[in-house]
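Be aware that the sequence shown starts at 381, since it is given in our numbering, and climbs by one per residue.
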Amino acid sequence: MADVKIKSMTESGLLAAITVITALIGVYVPVLGTIAILLWPLPILVLEVRHGIKWALLSILAAGIIMSILIEPMAAVRMVIGFAPPAIALGYGFRNGLPAAKNLMLSLVSAIFSMLLAMAMLFYITDINPFDMQLDMLKETIAATLSAYEAMGMSQEQITETQQQFDTVFKMVSLLMPLVIICSGIVTTWINFVIGTKVLRRLGYETASLPDFDEWRLPRIIIYLFVLSLVGLYWGSTRQIAPLYQAALNVNILATFAGLIQGIAIMSSVLRHRVSRWVFWLIAAFVFLNGFMAQIVAFVGLFDMIFDYRRRFAKKR
Numbered sequence: 381m382a383d384v385k386i387k388s389m390t391e392s393g394l395l396a397a398i399t400v401i402t403a404l405i406g407v408y409v410p411v412l413g414t415i416a417i418l419l420w421p422l423p424i425l426v427l428e429v430r431h432g433i434k435w436a437l438l439s440i441l442a443a444g445i446i447m448s449i450l451i452e453p454m455a456a457v458r459m460v461i462g463f464a465p466p467a468i469a470l471g472y473g474f475r476n477g478l479p480a481a482k483n484l485m486l487s488l489v490s491a492i493f494s495m496l497l498a499m500a501m502l503f504y505i506t507d508i509n510p511f512d513m514q515l516d517m518l519k520e521t522i523a524a525t526l527s528a529y530e531a532m533g534m535s536q537e538q539i540t541e542t543q544q545q546f547d548t549v550f551k552m553v554s555l556l557m558p559l560v561i562i563c564s565g566i567v568t569t570w571i572n573f574v575i576g577t578k579v580l581r582r583l584g585y586e587t588a589s590l591p592d593f594d595e596w597r598l599p600r601i602i603i604y605l606f607v608l609s610l611v612g613l614y615w616g617s618t619r620q621i622a623p624l625y626q627a628a629l630n631v632n633i634l635a636t637f638a639g640l641i642q643g644i645a646i647m648s649s650v651l652r653h654r655v656s657r658w659v660f661w662l663i664a665a666f667v668f669l670n671g672f673m674a675q676i677v678a679f680v681g682l683f684d685m686i687f688d689y690r691r692r693f694a695k696k697r
């Protein structure tokens, strides 16, 4: 029993040190820092799977204290609040053998909630709106870009046209900030799920896998959300209800993207034994980059959530 406790303490200290080093890289290394921030939860979930949630929480506490000393207290607290909960959720799912889809959904919900909590804490303590801060940074980037264009000799008409394009992009980004948070949660959850699965299997643990991409079927509720978003867009625009329009726009884009993923899964099922996989992924990349084709495939995927084309075709065969 003492040996087990010593082993748990040793691994907790080692993984806490890795967590602190990852945070330092995330703060001070420009390009590699983004990757380090995304992988910050990985040591925590590994520790939770191996030794339980108690040691994971102690490791988070120790890492948070050291990060507060080495970096800055507010940044350390934001990182812990923003990224520790999804790591705990993923570790819980792996440790208890939850199905892969359920584990991903649990971690995604916790990731979105923790990001919102970190933003609310920042706003409460500093009275700075994180959304406004990001938009101000985007404004500064646009202004610097226009100044560079002017210095390179671009005509005033071209600069005015470019500024109008930037203004359109800025308005769209300001409307889609909630979607940015959701996408950040999806990316963080997915990366840590994939890499965590590989690490745990290398350590000898059995982990649940997602079904083959051909068999992916997203929840049917997405098609209903898509329809409701169309109603919200109409009401929001015709009746000048800005919050309703913004919410409906975010839901519409998210549902369309989900339909695109399911549509490409249908393509994968149809083309699996007809073309090689690298040819299929070239076709999928073309669909992603072509707006018209992406819209068609997205609609196919959305309707597949109701009609399930693959099952119908399998019955006919």
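Every residue, glycine too, gets a C-beta built ideally from N, C-alpha and C.
Reduced DSSP secondary structure (H/G/I, E/B, other) of residue i
| i | result |
| --- | --- |
| Asn476 | coil |
| Gly643 | helix |
| Asn572 | helix |
| Ser648 | helix |
| Gln346 | Outside the displayed span of the chain (381 to 697) sits residue 346, for which this structure offers no information. |
| Ala382 | Note on Ala382: pLDDT 49, under 50, position unreliable in the model; no value is reported. |
| Met534 | coil |
| Pro510 | helix |
| Val667 | helix |
| Gly584 | coil |
| Val409 | coil |
| Leu634 | helix |
| Pro558 | helix |
| Ser589 | coil |
| Val607 | helix |
| Trp435 | helix |
| Glu452 | coil |
| Trp658 | helix |
| Pro466 | helix |
| Trp420 | coil |
Beta-carbon proximity of residue i to residue j, cut-off 8 Å
| i | j | result |
| --- | --- | --- |
| Leu580 | Val429 | yes |
| Val460 | Gly471 | no |
| Asn483 | Phe493 | no |
| Pro423 | Ile449 | no |
| Ser439 | Ala396 | yes |
| Ser649 | Asp594 | yes |
| Ala678 | Gly643 | yes |
| Met447 | Ala491 | no |
| Ile522 | Tyr529 | no |
| Val489 | Leu518 | no |
| Met495 | Ser564 | yes |
| Thr542 | Leu526 | yes |
| Gly576 | Leu425 | yes |
Beta-carbon contacts of residue i that lie in its chain and below 7 Å, excluding the five residues immediately before and after
| i | result |
| --- | --- |
| Ile405 | Leu412, Gly413, Ala416 |
| Asn509 | Phe503 |
| Ile621 | Trp615 |
| Ala627 | Gly612 |
| Ala480 | Ala588, Ser589, Leu590 |
| Ser609 | Ala628, Val631, Asn632, Ala635 |
| Ala436 | Ile424, Leu427, Glu428, Ile468, Gly471 |
| Ala645 | Phe593, Asp594, Trp596 |
| Leu640 | Ala674, Val677, Ala678, Gly681 |
| Phe546 | Ile522 |
| Leu651 | Phe660 |
| Ile566 | Leu488 |
Close beta carbons around residue i, own chain, < 8 Å, minus the five adjacent residues each side
| i | result |
| --- | --- |
| Leu556 | Leu629, Asn630, Ile633 |
| Pro421 | Phe463, Ala464, Pro466, Ala467, Leu470, Thr568, Asn572 |
| Val409 | Ala416 |
| Tyr585 | Val429, Phe474 |
| Val407 | Gly413, Ile451, Ala455 |
| Val400 | Ala443, Ile446, Met447, Leu450 |
Proximity test, residue i beta-carbon vs the ligand NAD heavy atom, cut-off 7 Å
| i | result |
| --- | --- |
| Met552 | Looking for the ligand NAD in the displayed structure turns up nothing, as the structure carries no ligands at all. |
Nonlocal neighbours in the same chain, by C-beta distance under 6 Å from residue i, ignoring five residues either side
| i | result |
| --- | --- |
| Val667 | Met673, Ala674, Val677 |
| Val680 | Gly643 |
| Ser487 | Pro466, Ala469, Leu470, Thr569 |
Contact between the stretch 633 to 642 and the stretch 672 to 682 (3+ Cβ pairs under 8 Å): By the C-beta criterion, the stretch 633 to 642 is judged to be in contact with the stretch 672 to 682, since at least 3 inter-stretch pairs fall below 8 Å.
### Message
I want to know whether the stretch 608 to 617 touches the stretch 658 to 665 - three or more CB-CB distances under 8 Å.
### Response
Taking one beta carbon from each stretch, the stretch 608 to 617 and the stretch 658 to 665 have fewer than 3 pairs nearer than 8 Å; the two do not touch.
- Hey, is the stretch 601 to 610 in contact with the stretch 677 to 687, meaning 3+ C-beta pairs nearer than 8 Å? In short, these stretches touch, since the Cβ pair count reaches three.
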